[in-house]
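Each residue of the sequence shown is one higher than the one before, starting from 1128 at the first, in the working numbering. Glycine residues also receive a C-beta, built at the ideal position from the N, C-alpha and C atoms. This one's a predicted model, so the numbers in the text were calculated from it and none came from an experiment. Structure, as structure tokens:
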Amino acid sequence: MDAPSEELLLQWQREQFLLRERVKEEDTEEWQRHPDFCGLKRVGGVDLSFIKGDDIHACAHLVVLSYPHMQLLHEDFKMVTLKAPYVAGFLGFREAPPLLQTLEKLKNELPDLMPQVLFVDGNGLFHSRECGLACHLGVQADLPCVGVAKNLLHLDGVVKSDEHQSQSSSKPVYVSVGHRISLATAVSLTHRCCLYRVPEPIRQADLRSREYLRSHILAPDVS
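Here's what the structure looks like:
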């Protein structure tokens, strides 16, 4: 896949700035205002898994789990062909479109199972232009969204994330606001949804998308 032109990168930057203006950094839902998140019943997670050596074809996976028990309520997958190359800082333009399709399908077919909050494997406001993948998905799907990254990005002057470290892992993850949630609520909810290092909705989406590729595609190694 060819690298994007400078003109396209500038266009993407402009779109990120416009999306950033629409991000809400405060709690917008009634359940977010309760210490025990009373009223929260469904939490979602999304992930893309790739066959090793193939950066174009991927499995987009959405899971919806019950809260607080983390039991599977719904899952859906879609084999996709990505239209944009990977460029650091612009992951939303590559991964958001197919993930949005899985959310739109669920909303149209089974609206009662739509997640009340979505966990995303990636950054939200903790991004050089304060518009990571979690912001893309949150704003475009109009859902409360939490970005959870496994690696620390060093961004000068940007303090938009907090660490969460689970009891079962010594490696922290970095939590940031995606949309329609405060950082304090995002961190607290992440802690409550972690059985292992990462929130269970993300972990399940990752595990299940990898397993789908192993079972349905001749893929001895997936990532």
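Cα-Cα separation between G1219 and C1165, rounded to whole angstroms: 31 Å
Please state the DSSP three-state secondary structure of Q1162. Note that residue 1162 is Pro in the sequence shown, not Gln. Three-state result, P1162: coil.
Pairing CB atoms from the stretch 1228-1241 with CB atoms from the stretch 1198-1210, are three or more of them under 8 Å? yes
Pick out whichever of G1171, V1266 and A1187 has its Cα sitting closest to the Cα of P1354. There is no way to answer for residue 1354, as the model of the chain reaches only from 1128 to 1350.
Determine the burial state of G1180: buried for a count of at least 16 other Cβ atoms within 10 Å of its Cβ, exposed for fewer. exposed
How is the beta strand (DSSP E) around A1332 delimited, first residue to last? Not the beta strand (DSSP E): A1332 falls in the alpha helix (DSSP H), residues E1327 to H1343.
Does the distance from the C-beta atom of C1272 to that of R1147 stay below 9 Å? no
For V1325 versus V1300, is the C-beta distance shorter than 9 Å? yes
Three-pair Cβ contact test at 8 Å for the stretch 1325-1343 versus the stretch 1186-1202: yes
Which residue's Cα is closest to the Cα of M1197: L1340, E1133 and T1317? T1317
Buried or exposed by the 16-neighbour rule on C-beta atoms within 10 Å, applied to F1217: buried
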